[in-house]
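Participant: Input: one structure, supplied below.
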Amino acid sequence: RKQERLVWTMKSVVGFCIVNGGILKVGGSASICSSHWIGNRLSILKCNSLLNQSGGARNSVAVQRDIWTLQKLKSVKRSFGFQLRMSSSEAKDVVDPSVKEIGAEERRAVLMGLQSVQQRIDNVFSTSERKGPPPRLIAVSKTKSSDLIRIAYQSGQRYFGENYVQELVDKAHELQDELPEIKWHFIGPLQTNKARKLVSAPKLCCVESVDREKVASALQRACEDREEILNVMVQVNVSGEETKSGCNPDEVVQLVEFVVNECPKLKFTGLMAIGEPDQSERPEAFNILSRCRAKVATALSIDEHSLELSMGMSNDFERAIVMGSTNVRVGSTIFGARFYPNRS
């Protein structure tokens, strides 16, 4: 029963990685290689085997320790696209169908996608009447493996965006030494009880989704022991949909003034919005965000062009640039369609 419990725990860990040719034969006589790794750096566990050479269970204490270790891996399972290699066809259901090694074709697709997006940004910006630096490209890597981030980084990309706190934290810790110039933007909804965990992420550059005073206050408290000032943006709900995050456009000045006056560990840098589908040449969502920036600039007595606008994604970033975006968030056009595990 202990052996069955251990195997069940293995099945619950999606994308568990055993490298260096290690194998696991369920109910058989094979053993796992001596080093278990997540990514290239984090050594999770070293042992001679989880199942002994005769296929029987180890002693109770060892099995419980192995189960505990594997359960700890659940918190990082979403972030890494590695394989569980096995010697038995009986255990095929252990492997997440999205988990695979990065092949030459997928590597080429990421590089071509990144090059294409950057070229489109440069083309639009060069033909526009805008002045100043070109828009910043945030490569949105949510649900994608760290290997794909490495590929994009090696080709010159430095800014990456994530929607989920745990995923950003896990990837940031894994890649902090290997990719020293990486900069993370958090672009998803933030619960106040996760602010401290988010702020613990190495190389966290900006939180773009501050949508209420409680979130700003939670980030302020979380940053009290942080040496660097944390850049933040205020997210505005430009669609009016209740299901979308962001403050009401009529409340944006009040929220910005709260961040500026009450949160000294936060630096307000601009506004962010997620637009609704709009095929017009000048989407109204972008107009609304631009007007909000003008109101904020007037309230703060600053030049509105000193404030950033984070707007535009894969399907509309070129139109967003024409309308003043300084931050475009592009994911699927670079990394391909996203895979969302069946949580059931």
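Going by the working numbering, 80 is the number at position 77 of the sequence shown; the sequence numbering is gapless.
In this text, a Cβ means the ideal position worked out from N, Cα and C, and glycines have one as well.
Using the three-state DSSP reduction, which class does S119 fall into: helix, strand or coil?
Facilitator: It is helical.
Participant: Answer yes or no: does any C-beta atom of chain D fall closer than 8 Å to that of L182?
Facilitator: No chain D appears in the structure shown, which is made up of a single protein chain.
Participant: Below 7 Å CB to CB, which residues in the same chain sit around G339 once its five sequence neighbours on both sides are set aside?
Facilitator: Hits under 7 Å: A112.
Participant: Do you know how far the Cα of F271 is from the Cα of E307?
Facilitator: Rounded to the nearest angstrom, the two C-alpha atoms are 13 Å apart.
Participant: Measuring straight from C-alpha to C-alpha, what distance separates T130 and P137?
Facilitator: Rounded to the nearest angstrom, the two C-alpha atoms are 12 Å apart.
Participant: With which residues is C209 paired in a DSSP beta bridge?
Facilitator: In the DSSP output, where bridge partners are listed per residue, C209 has H188 and N234.
Participant: Looking at C-alpha atoms only, which residue of K298, S212, Q179 and I277 is the closest neighbour of A288?
Facilitator: That would be I277, whose Cα lies nearest to the Cα of A288.
Participant: Between which two residues does the alpha helix (DSSP H) harbouring N330 extend?
Facilitator: Note, N330: premise wrong, no alpha helix (DSSP H); beta strand (DSSP E) at N330 to V333.
Participant: How many angstroms separate the CA atom of I337 from the CA atom of S242?
Facilitator: Distance between the alpha carbons of I337 and S242: 26 Å.
Participant: Is DSSP giving C295 helix, strand or coil here?
Facilitator: Helix at C295.
Participant: Does the region 254-267 come close enough to the region 311-321 that 3 or more CB-CB pairs lie under 8 Å?
Facilitator: With the cut-off at 8 Å, the region 311-321 and the region 254-267 do not touch.
Participant: If you draw a straight line from the alpha carbon of N251 to that of V239, how long is it in whole angstroms?
Facilitator: Each residue's Cα considered, the two are about 6 Å apart.
Participant: Determine the direct distance from the alpha carbon of R229 to that of N126, and round the result to whole angstroms.
Facilitator: About 39 Å.
Participant: Can you round the beta-carbon distance between V333 and A142 to whole angstroms, since I take them to be within the 8 Å contact cut?
Facilitator: About 7 Å; that satisfies the 8 Å criterion.
Participant: Within this structure, are the beta carbons of L207 and V331 separated by less than 8 Å?
Facilitator: In this structure, V331 does not lie closer than 8 Å to L207 by Cβ.
Participant: Under the assumption that V172 contacts L193 (Cβ atoms under 8 Å), give the Cβ distance between them as a whole number of angstroms.
Facilitator: About 12 Å separates the two Cβ atoms, so there is no contact after all.
Participant: Indicate the three-state DSSP secondary structure (helix, strand or coil) for R68 in the structure shown.
Facilitator: Residue placement at R68 is poorly supported in this model, since its pLDDT is 44, which falls under 50; the coordinates still yield a value, given next. Helix.
Participant: Determine the direct distance from the alpha carbon of D253 to that of G116, and round the result to whole angstroms.
Facilitator: Going from the Cα of G116 to the Cα of D253 covers about 38 Å.
Participant: So is T146 buried or exposed if we call it buried at 16+ other beta carbons inside 10 Å?
Facilitator: Under this definition T146 is a buried residue.
Participant: For the alpha helix (DSSP H) holding A142, just list the boundary residues, first then last.
Facilitator: Looking at the DSSP string, A142 is not in any alpha helix (DSSP H); the run it does join, the beta strand (DSSP E), is R139 to V143.
Participant: Rounded to whole angstroms, what is the Cα-Cα separation between V210 and E108?
Facilitator: About 33 Å.
Participant: Give me the Cα-Cα distance between K174 and S149, rounded to the nearest whole angstrom.
Facilitator: Using only the alpha carbons, I get a separation of about 7 Å.
Participant: Are R153 and L182 touching if we call contact CB-CB under 8 Å?
Facilitator: The answer is yes: Cβ separation under 8 Å.
Participant: Which term fits Q160, buried or exposed, when burial requires 16 or more other beta carbons within 10 angstroms of its beta carbon?
Facilitator: When all chains shown are included, Q160 counts as buried.
Participant: Can you tell me which of F163, K197 and V202 puts its alpha carbon nearest to the alpha carbon of I185?
Facilitator: Selected option, being the one with the closest Cα: F163.
Participant: Quick one: give me the first and last residue of the alpha helix (DSSP H) that S149 is part of.
Facilitator: S149 to Q157 is the extent of the alpha helix (DSSP H) around S149.
Participant: Quick one: is N290 buried, meaning 16 or more other Cβ sit within 10 Å of its Cβ, or exposed?
Facilitator: By the 10 Å Cβ count, N290 comes out exposed.
Participant: May I ask you to report which of helix, strand or coil DSSP gives L178?
Facilitator: Helix.
Participant: Please report the distance separating the alpha-carbon of E284 from that of S293.
Facilitator: So the two alpha carbons sit approximately 15 Å from each other.
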